[in-house]
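Okay, structure first, notes after.
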Amino acid sequence: MRPRSSLVAIFGTSLAAAQPAPPPTPAGQELQALTRVGVIDPKTGNTDTLKVDLALAERALGEERFLEASAMLYLIVESPRYADFADDPTYLNAEYDLVVALAGAGAGAEAMHYVERVLARGVRSPYFEVAHRRAVDIALDTRDYAGTLKRLEAVPVKDPLPIGTLSERSYLRGRGLYDAGNLDQAEIELAQVSRKSRLYSSSVYLRGVLRVRQGRLKDAADAFCEIATTVDQDKFTFYIDDRYFGIKDLAQLGAGRIAHEEGRYDDAYYHYFQIPDDSDRLPEALFEAAWSMYQKAELRTARDLMKDFLKNFPTSPLVPEATLLAGYIELADCKFDEARKHFEALAKDMGALLVAAEFAQGSPSMRRTLMTRALERVGPRGPVAAARPLTTDPEDRVLAMLRLDPRLVRLNDTLAGLRREASLSSYAVTAWRELLLRVAQPEGQVAIAKDAPAGQARGATELASDARRLREDVRRERHALLEAVRAKSVTADEAALRLPELESAEAALRDLETQARGQASAADQKIGGGGDPELRKLIAAELDRAAKLAEQTREVSETFDRAADELAQKELARVRGQLLHVVERSRLGRIDSVIGEKRKLEKEIEQLTNDTWMPPQIGQALRNRLIGEDEEYWPQEEEIWDDEYERFR
Amino acid sequence: MKRTVLLACLALPLVALAQGASDQQPAPTSLDELRKEYERIREALFASRARAAAVGQALYNAKLQIHLKYGTPRFQAVPRATIRLDGAAVFDDTTGAIGTNETVRFDGFVAPGKHKVTVRVDAEAKDDTSFTSTTESTFTIDVPPRRQVVLRATAKDDGDMGYSFPKSQRGTYKLHLDVEVESAELGNAAKK
Numbered sequence: 001m002r003p004r005s006s007l008v009a010i011f012g013t014s015l016a017a018a019q020p021a022p023p024p025t026p027a028g029q030e031l032q033a034l035t036r037v038g039v040i041d042p043k044t045g046n047t048d049t050l051k052v053d054l055a056l057a058e059r060a061l062g063e064e065r066f067l068e069a070s071a072m073l074y075l076i077v078e079s080p081r082y083a084d085f086a087d088d089p090t091y092l093n094a095e096y097d098l099v100v101a102l103a104g105a106g107a108g109a110e111a112m113h114y115v116e117r118v119l120a121r122g123v124r125s126p127y128f129e130v131a132h133r134r135a136v137d138i139a140l141d142t143r144d145y146a147g148t149l150k151r152l153e154a155v156p157v158k159d160p161l162p163i164g165t166l167s168e169r170s171y172l173r174g175r176g177l178y179d180a181g182n183l184d185q186a187e188i189e190l191a192q193v194s195r196k197s198r199l200y201s202s203s204v205y206l207r208g209v210l211r212v213r214q215g216r217l218k219d220a221a222d223a224f225c226e227i228a229t230t231v232d233q234d235k236f237t238f239y240i241d242d243r244y245f246g247i248k249d250l251a252q253l254g255a256g257r258i259a260h261e262e263g264r265y266d267d268a269y270y271h272y273f274q275i276p277d278d279s280d281r282l283p284e285a286l287f288e289a290a291w292s293m294y295q296k297a298e299l300r301t302a303r304d305l306m307k308d309f310l311k312n313f314p315t316s317p318l319v320p321e322a323t324l325l326a327g328y329i330e331l332a333d334c335k336f337d338e339a340r341k342h343f344e345a346l347a348k349d350m351g352a353l354l355v356a357a358e359f360a361q362g363s364p365s366m367r368r369t370l371m372t373r374a375l376e377r378v379g380p381r382g383p384v385a386a387a388r389p390l391t392t393d394p395e396d397r398v399l400a401m402l403r404l405d406p407r408l409v410r411l412n413d414t415l416a417g418l419r420r421e422a423s424l425s426s427y428a429v430t431a432w433r434e435l436l437l438r439v440a441q442p443e444g445q446v447a448i449a450k451d452a453p454a455g456q457a458r459g460a461t462e463l464a465s466d467a468r469r470l471r472e473d474v475r476r477e478r479h480a481l482l483e484a485v486r487a488k489s490v491t492a493d494e495a496a497l498r499l500p501e502l503e504s505a506e507a508a509l510r511d512l513e514t515q516a517r518g519q520a521s522a523a524d525q526k527i528g529g530g531g532d533p534e535l536r537k538l539i540a541a542e543l544d545r546a547a548k549l550a551e552q553t554r555e556v557s558e559t560f561d562r563a564a565d566e567l568a569q570k571e572l573a574r575v576r577g578q579l580l581h582v583v584e585r586s587r588l589g590r591i592d593s594v595i596g597e598k599r600k601l602e603k604e605i606e607q608l609t610n611d612t613w614m615p616p617q618i619g620q621a622l623r624n625r626l627i628g629e630d631e632e633y634w635p636q637e638e639e640i641w642d643d644e645y646e647r648f649r
Numbered sequence: 650m651k652r653t654v655l656l657a658c659l660a661l662p663l664v665a666l667a668q669g670a671s672d673q674q675p676a677p678t679s680l681d682e683l684r685k686e687y688e689r690i691r692e693a694l695f696a697s698r699a700r701a702a703a704v705g706q707a708l709y710n711a712k713l714q715i716h717l718k719y720g721t722p723r724f725q726a727v728p729r730a731t732i733r734l735d736g737a738a739v740f741d742d743t744t745g746a747i748g749t750n751e752t753v754r755f756d757g758f759v760a761p762g763k764h765k766v767t768v769r770v771d772a773e774a775k776d777d778t779s780f781t782s783t784t785e786s787t788f789t790i791d792v793p794p795r796r797q798v799v800l801r802a803t804a805k806d807d808g809d810m811g812y813s814f815p816k817s818q819r820g821t822y823k824l825h826l827d828v829e830v831e832s833a834e835l836g837n838a839a840k841k
């Protein structure tokens, strides 16, 4: 044992007695076993090799090659080779980098283990606060606020926690209480978040939302205005990424909605007007601003806003409601003919959308296509650039109206990550199998061919992997076929012939994969023995675990499709209900416009009978006192001669 | 009525943000349970691969690095690219990454000796995505002990099918995969 280890052993005795050492991780156990059999020489580690190894790992981390980075970092923080350097800054850096690598790959629980290790070093450790922030990010990603907080609080820390750390814990506590419906306590916790915290604007916004839920609109407006009115260059405006601007836009919208609700339409208009042109929220802001102006009887402004909205956002899900509002604006302005035309066009338009929605409701394959496209469009913050842009086709407009449950969106994100992992799962199995052989044969080529069961197992794993790949190809072909039907490049009859073939092919491939995996597992049990028994046992357990995990990934697509389809059915029913409501309102609007037009004609007939009728422009000018009763009115268009501005040069 | 609309309006956009609160109508709890289950499997798979790579790095003394890029990304998109090492996928991408960046696709320690590498690239013409092509090549490489082998593969299609055929009823596919393999002394730093 080298001096530093002895010192650590002597001075660490009391601490170790108070705090039992955590059990070694699987990686730690494996690397210790490799050290025992002489594969890893613990004497070869020094500060120079540590720095070089860390540099290599950080390069992989910088390129987001999380797997390679994690493997290299395991070999630093778990290997007995660097056990004596556990207090070296480079080692601490590696420990934190491992948290980043694992969290980046979505291995949140594993990353939390290393967060705890970093935090246990105390507040004065250079990586304490950043590791804590990473843990909070993991909690926000996984929505496991209470679980993460519990783990963080369980780490004993002697010194007082920094304000930033306390703020982040308060935020997590507040989020957990908010989700549990305990709004009063949530507000108390969220109020503890410091102005200097990166989560300050989020916490203020959340306080605004919970006040709305409690019916405290004035207090809610104060919260939203606090965010909305903070200047971007203010010293307290501390943002990490563009999510800050999203929060700010939401706060403006929230303040606008409260002002609208309280009848302060000019204030509402002001807040909506603050939403920048590049914001995802601009369509909502335009629509709601037009609504406020309509309520305030500023019909000209409302009409202009509606025109802008319908011209710039023809694929927005708000178009049906906006067209309805456009009709009501004309109606309020006594332009009955225009209003009637709006309502008639809307009824016709809604008919096509209703047909599309009802068709999708009755067709499972169409529902699946719709949901797939809807999920493709949703990125972490708004529609993704790669998704096919929406058109004004009825199917696309129904698609735009689908509100995706955020839990389904998160599930879909997780599934995408899982699919990526699953596609590489066969390599994990193959790698552990080869390592098992290597334990028996430490030198030279690992020759699977020489070991008959290993060769069989590899062949079966390869077959299972091919079957899975083909199954995914079949799923893709089915999706492409349904898209072709939608685009009318393939007839529904042709698709009806092909679809059952694809379904049966998928079922056959699933059976083949099951058989192949069974054969691989059976062959793995017969792989020849040899080498260190404990190491062999560890690796055999890993091989077994990897094979079981690969098996578990097979059915996830099916379970996801079932969950998505259930939600698609509910959502399509909601969209259909909404469309029917719009149709109903447009009918009423049309009746109002006809009655209004009739009433207007009746009044004109009455005026003609009484000899008090005058042209509308003159009537308007008289009402506005622009001309006197003894004056003669010259219509404006006659004052501008046709050739006045033509060829004037 | 107006208040209900307000509450719904306020709550909906919030959930779109990473830190946003979830104020939707209660969804089936199975969605959350399903997500937790997926996350557990995903994490366990990743951790297993990472540990296998770490143990492999300690046990093996030969390293393999595979690069793959697509040479004509301006004309074709790559919906899927796969690299298999001895039959098992080590890189599987559906985001078109090989056409947009030149990051290393596989970097790890392997058993010294002969290995079978398979590269498969699915491409589709950008002018007309119904013109698709798949090229799959399998070849053997040797990774000697205490050496690092760098394999650089470039897939490309110099044809003009997607652009030319719809216009003139004539077109070509010129699919090919070029592979360059180079071996170098394994740096001491990369080994324990």
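The listed protein sequences correspond, in order, to chains L and Z.
Residue 363 in my numbering is what sits at position 363 of the first sequence, and the numbering runs on without skipping anything.
Positions in the second sequence are counted from 1; adding 649 to them yields my numbering.
Every residue, glycine too, gets a C-beta built ideally from N, C-alpha and C.
Element boundaries [alpha helix (DSSP H), containing residue i]
{"i": "Ser-167 (chain L)", "result": "163-179"}
{"i": "Gly-362 (chain L)", "result": "336-362"}
{"i": "Thr-612 (chain L)", "result": "No alpha helix (DSSP H) holds Thr-612 (chain L); DSSP gives it neither H nor E."}
{"i": "Thr-731 (chain Z)", "result": "First-last for Thr-731 (chain Z): 725-734, but that is the beta strand (DSSP E), not the alpha helix (DSSP H)."}
{"i": "Asn-750 (chain Z)", "result": "No alpha helix (DSSP H) holds Asn-750 (chain Z); DSSP gives it neither H nor E."}
Residue burial classification, residue i (beta-carbon count within 10 angstroms, cutoff 16)
{"i": "Glu-682 (chain Z)", "result": "exposed"}
{"i": "Phe-273 (chain L)", "result": "exposed"}
{"i": "Asp-630 (chain L)", "result": "exposed"}
{"i": "Asn-312 (chain L)", "result": "exposed"}
{"i": "Thr-553 (chain L)", "result": "buried"}
{"i": "Lys-218 (chain L)", "result": "exposed"}
{"i": "Thr-821 (chain Z)", "result": "exposed"}
{"i": "Ile-591 (chain L)", "result": "exposed"}
{"i": "Asp-827 (chain Z)", "result": "exposed"}
{"i": "His-825 (chain Z)", "result": "exposed"}
{"i": "Thr-369 (chain L)", "result": "buried"}
Spatially closest choice to residue i from the options, by CA coordinates
{"i": "Thr-461 (chain L)", "options": "Z:Thr-803, Z:Arg-733 and Z:Ala-726", "result": "Z:Arg-733"}
{"i": "Met-112 (chain L)", "options": "L:Leu-149, L:Pro-162, L:Asp-511 and L:Pro-126", "result": "L:Leu-149"}
{"i": "Glu-597 (chain L)", "options": "L:Leu-73, L:Lys-341, L:Arg-377 and L:Gly-254", "result": "L:Lys-341"}
{"i": "Asp-405 (chain L)", "options": "L:Tyr-427, L:Ile-591, L:Leu-567 and L:Ala-352", "result": "L:Leu-567"}
{"i": "Gln-797 (chain Z)", "options": "Z:Ala-774, Z:Gly-705 and Z:Ala-833", "result": "Z:Ala-833"}
First through last residue of the beta strand (DSSP E) which encompasses residue i
{"i": "Ala-191 (chain L)", "result": "No beta strand (DSSP E) contains Ala-191 (chain L), which DSSP labels as neither H nor E."}
{"i": "Ile-227 (chain L)", "result": "Unbroken run through Ile-227 (chain L) is the alpha helix (DSSP H), 217-228; no beta strand (DSSP E)."}
{"i": "Ser-832 (chain Z)", "result": "824-834"}
{"i": "Arg-754 (chain Z)", "result": "753-759"}
Span separating the alpha-carbon of residue i from that of residue j
{"i": "Leu-98 (chain L)", "j": "Ser-586 (chain L)", "result": "60 angstroms"}
{"i": "Leu-305 (chain L)", "j": "Phe-755 (chain Z)", "result": "54 angstroms"}
{"i": "Ala-83 (chain L)", "j": "Lys-43 (chain L)", "result": "10 angstroms"}
{"i": "Met-371 (chain L)", "j": "Val-355 (chain L)", "result": "18 angstroms"}
{"i": "Pro-533 (chain L)", "j": "Leu-34 (chain L)", "result": "12 angstroms"}
{"i": "Ser-671 (chain Z)", "j": "Leu-572 (chain L)", "result": "Reliability of the predicted coordinates at Ser-671 (chain Z) is poor, the pLDDT of 38 falling under 50, and the value obtained from them is presented with this limitation in mind. Taking the straight line joining both Cα atoms gives about 21 angstroms."}
{"i": "Arg-117 (chain L)", "j": "Val-130 (chain L)", "result": "13 angstroms"}
{"i": "Val-575 (chain L)", "j": "Val-727 (chain Z)", "result": "35 angstroms"}
{"i": "Arg-216 (chain L)", "j": "Ala-484 (chain L)", "result": "52 angstroms"}
{"i": "Pro-500 (chain L)", "j": "Lys-51 (chain L)", "result": "59 angstroms"}
{"i": "Glu-434 (chain L)", "j": "Gln-525 (chain L)", "result": "14 angstroms"}
{"i": "Ser-125 (chain L)", "j": "Pro-24 (chain L)", "result": "22 angstroms"}
{"i": "Glu-68 (chain L)", "j": "Leu-61 (chain L)", "result": "8 angstroms"}
{"i": "Ala-322 (chain L)", "j": "Gln-569 (chain L)", "result": "25 angstroms"}
Per DSSP, cross-strand counterpart(s) of residue i
{"i": "Thr-787 (chain Z)", "result": "Z:Thr-767"}
{"i": "Leu-717 (chain Z)", "result": "Z:Ala-802"}
{"i": "Thr-781 (chain Z)", "result": "Z:Glu-773"}
{"i": "Arg-796 (chain Z)", "result": "Z:Glu-834"}
{"i": "Lys-712 (chain Z)", "result": "Z:Phe-758 and Z:Gln-797"}
{"i": "Ala-738 (chain Z)", "result": "Z:Arg-733"}
Under 8 angstroms from the C-beta of residue i: neighbouring residues of chain B
{"i": "Trp-432 (chain L)", "result": "Chain labels in this structure do not include chain B; the protein chains are L and Z."}
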